Amino acid sequence: MTHWSSGQDTTLSRWNQGFESPMGHHWILQTISETNWRSSFFSQRHAFGSLPETKERPAKRVSNDDKEINMDYNKLANLLFPDITKSVADYEEHYPKRKLPPEAKVTRLGPSPTGFIHLGNLYGAFADERLAHQSGGVFILRIEDTDQKRKVEGSEEVVIKALDYFGIHFDEGATLDGEKGEYGPYYQSNRVAIYQTVAKHLVEIGCAYPSFATAEELDEIRQKQEVQKLVPGYYGEWALDRNLNYEDIETKIKAGEPWVLRLLSTGDPSETMQVEDAIRKSVQVHPNNMDAVLLKTNGVPTYHFAHVVDDHFMRITHVVRGEEWLSTLPIHLELFEILGWDHPVYCHTAHLMKMDGDTKRKLSKRKDPEMSLSYYAEVGHFPAAVREYIITLANSNYEEWHQANPEQPLEEFQFSLEHMSTSGALFDMNKLNDVAKDVLLKTSEEDIADFLINWATRYKEEAAPIFNRDRDKLIKILAIGRDEKKPRKDLEYCQQIFEFISYFFDEWFTIVDELPENVNAQAARAILTDYLATYDQNDDNGNWFNKIRDITEKLGYAVKMKDYKKHPEDYNGHVGDVSTVVRLAVTGRRNSPDIWTIQQILGEKSVLSRLQTYMGSLS
RNA sequence: GACCCAUUGGUCAAGUGGUCAAGACACCACCCUCUCACGGUGGAAUCAGGGGUUCGAGUCCCCUAUGGGUCACCA
567 MTHWSSGQDT TLSRWNQGFE SPMGHHWILQ TISETNWRSS FFSQRHAFGS
617 LPETKERPAK RVSNDDKEIN MDYNKLANLL FPDITKSVAD YEEHYPKRKL
667 PPEAKVTRLG PSPTGFIHLG NLYGAFADER LAHQSGGVFI LRIEDTDQKR
717 KVEGSEEVVI KALDYFGIHF DEGATLDGEK GEYGPYYQSN RVAIYQTVAK
767 HLVEIGCAYP SFATAEELDE IRQKQEVQKL VPGYYGEWAL DRNLNYEDIE
817 TKIKAGEPWV LRLLSTGDPS ETMQVEDAIR KSVQVHPNNM DAVLLKTNGV
867 PTYHFAHVVD DHFMRITHVV RGEEWLSTLP IHLELFEILG WDHPVYCHTA
917 HLMKMDGDTK RKLSKRKDPE MSLSYYAEVG HFPAAVREYI ITLANSNYEE
967 WHQANPEQPL EEFQFSLEHM STSGALFDMN KLNDVAKDVL LKTSEEDIAD
1017 FLINWATRYK EEAAPIFNRD RDKLIKILAI GRDEKKPRKD LEYCQQIFEF
1067 ISYFFDEWFT IVDELPENVN AQAARAILTD YLATYDQNDD NGNWFNKIRD
1117 ITEKLGYAVK MKDYKKHPED YNGHVGDVST VVRLAVTGRR NSPDIWTIQQ
1167 ILGEKSVLSR LQTYMGSLS
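Residue 615 in our numbering is what sits at position 49 of the first sequence, and the numbering runs on without skipping anything.
What follows is the structure, encoded as structure tokens:
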């Protein structure tokens, strides 16, 4: 907050503006034109990461051929931003430091409203959420809608709902009913005045300038650079518009030429610096020298500028973002440095990867629709399961902790950035499903049923009325085998559950499997004839199985599997074959949970009808 | 191409110079068993390669290779 101390070589006549800060410090804005301001701007060191000694900015703007450029920065700033009347200090006051305990972290998620959000985003969002909430901090949703071209109408709602579905809840920012919080607006498109105020300030201190280069001109530059095997970009001597004097600029602007605002970079990329990163410990980068675009032709900021301005004024402490931002980190650091602001703690996460053929690659919204969060909602993954899987991916020590504390909710786990992986992990659907089985075992069958009904209402319309009608039956079905010492774990996600239990409902019941190898149609009919003859709905499980045994023995099958394995030639088959025939008739499948239990749920009428129908179909 | 990041079994990974390199998922076999699932037992399977440093290296250094990312008026 206290960035501008008075320089050593100043006289009052050199200051052209002075402010009283809200904190009572004497703040002074000065123009670059006369004073050596660098000593005050660049002497500041940060808690995390530091820039090497930055080269002095020339007291006067000098063109590439060493000619002095006639430039009054205040005049230029007013020409560029005539409507901006507020100052950076005004915003400092308007967005005061948060009154939070020192350990509290303030994080933010900044989705762009394309309506698409995938598992990789959820992975980062989860880290943001845990960091903020386990430290008593604040978690903000900021909509990064600075690119009109990509904007999809109403997609904020999709994003908010998708995140909410997976248990990512925000304290501040955009919500379904407006914005919440003191640090808004939370849509970047509504913050343009703030960006432009900072931009104007950058112009005033000679650190930013308008550029009129057209796409064709930029292309030409790039081509020349490629021929000379130079790093492409608008920088150094290639940044021709650095040389424009006030009159040039005024003429172009009056003529209505479109312009962007560029950073006047002074970094020296031949130097190396280490930047602290909470996940990677330290990364090595080179100072930026690109005159990055800060404001686009339409006056709206690029990500780089919006990130610096917003994360500063929203008082964000930790920026969690994908490693694709590592390469532009120097631009951000330079901006923070120039503005005299402390940068947040950076947390660059590794990408979630996907197998594509036989190589891995970053999750892509275009290529991987099945990674989209909406897809997970469609097939009905349970949020608790996905959260649990995400945390095992994010902090691999979670699994061990969870084994030791099976009853504790994951909110009790101490999430840490240090345990996040620095190399990209492959998303493993097998593992997700395995995690889901355990999570669902701990979820009550009532809750599973309700979740299933909600899911069906949205994504499986034909099932919704049936589930609603038979909710009690549904609960009984879901409860099968859960109370044993070794409970069944066969529920993963809604679509899978639906398929798993569909045979209980006459609407979906069909015979899908074939008779076992040991049993032909005639033998099957014999088994079912005996089964029907002795069938009693009131039998208990033991009685029921005794009858199966009787039939097994009578028809020449082995009652004990071991006997059959020893001398298969002595038998027509084994008890498993007999029960499989019954199972096939009752469920349509060769595999299912305990037949007796299923029959209890189906009811006598339905069971008998299925047995008879199946028998009739055997010829 | 330049720059950055990464590299322990099929997958997720523990490991921070010193017992036979944890564990989980998946896989295979066997056991349990009316099928499946669950559970149990066992198995196969990893330090990318090469140089150093050291009494000793998955761990430290260098080189190479491979994979990933970035190089926009997109985020």
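Each residue gets a CB set at the ideal place from its N, CA and C atoms; glycine is no exception.
Everything numeric in this text was worked out from a predicted model, so none of it was measured.
- Taking C-alpha positions only, K862 is separated from K847 by approximately 34 Å.
- DSSP places L1018 in the uninterrupted alpha helix (DSSP H) bounded by E1011 to Y1025.
- By alpha-carbon distance to R1155, the top candidate from S1068, K1171, L1174 and K1113 is S1068.
- In the displayed model, I706 falls within a strand according to three-state DSSP.
- Boundaries cannot be given for K1052, as no alpha helix (DSSP H) includes it and DSSP labels it neither H nor E.
- Within the stretch 929 to 997, the runs of alpha helix (DSSP H) at least 4 residues long that lie entirely inside it are, in chain order, 939 to 945, 949 to 960 and 964 to 970.
- Closest by C-alpha distance to R1035, out of Q1062, G1047 and F1071, is F1071.
- Counting other Cβ atoms within 10 Å of its Cβ, K766 reaches 16 or more and is therefore classed as buried.
- Ranking D1143, F1111 and H1133 by CA distance to the CA of E1083 puts D1143 first.
- T1153: member of the alpha helix (DSSP H) spanning V1141 to T1153, first to last residue.
- As computed with DSSP, K1042 is found in no beta bridge at all.
- Distance from the Cα of G802 is smallest, within the candidate group Y942, P972, I1164 and N855, for N855.
- Distance between S1172 and S940, taken at the CA atoms: about 38 Å.
- Going by DSSP, G720 is part of no alpha helix (DSSP H) at all; its letter is neither H nor E.
- In the three-state DSSP reduction, G686 falls in the helix class (H, G or I).
- In the DSSP secondary-structure assignment, S777 is bridged to V826.
- DSSP places D876 outside any beta strand (DSSP E); the residue lies instead in the alpha helix (DSSP H), whose first and last residues are Y869 to F879.
- If you check the CB distance, I1063 and L1007 do not come in under 8 Å.
- Counting along the chain, H852 sits inside no alpha helix (DSSP H), nor does DSSP assign it H or E at all.
- When the beta-carbon positions are compared, S962 and E900 stay at least 8 Å from each other.
- V826 sits close to V859, with the two beta carbons spaced by under 8 Å.
- Here L685 is near M937, since their CB atoms are less than 8 Å apart.
- With respect to E770, N687 sits apart: the two C-beta atoms are not nearer than 8 Å.
- According to DSSP, residue pairing for D843 in a beta bridge involves K847.
- A contact between stretches requires three or more CB pairs, one per stretch, nearer than 8 Å, and the stretch 1111 to 1130 meets this requirement with the stretch 1088 to 1101.
- DSSP places G888 within a strand segment (E or B) once states are collapsed to three.
- Just measuring C-alpha positions, the residue of D1004, A960 and E669 sitting nearest M986 is A960.
- Here the stretch 768 to 782 lies against the stretch 807 to 827, with 3 or more beta-carbon pairs under 8 Å apart.
- The DSSP-derived three-state label of E738 is strand.
- Residue environment analysis places P896 among the buried positions, since at least 16 neighbouring C-beta atoms fall within 10 angstroms of its C-beta.
- By the Cβ criterion, the stretch 698 to 714 is in contact with the stretch 658 to 676, since at least three pairs of Cβ atoms, one from each stretch, lie closer than 8 Å.
- Of all C-beta pairs linking the stretch 998 to 1005 to the stretch 942 to 960, three or more are shorter than 8 Å, placing the two stretches in contact.
- For R696, the number of other beta carbons within 10 angstroms of its own is at least 16, and it is reported as buried.
- The DSSP-derived three-state label of A1099 is helix.
- If you draw a 10 Å sphere on the C-beta of M921, you find fewer than 16 other C-beta atoms in it, and that means exposed.
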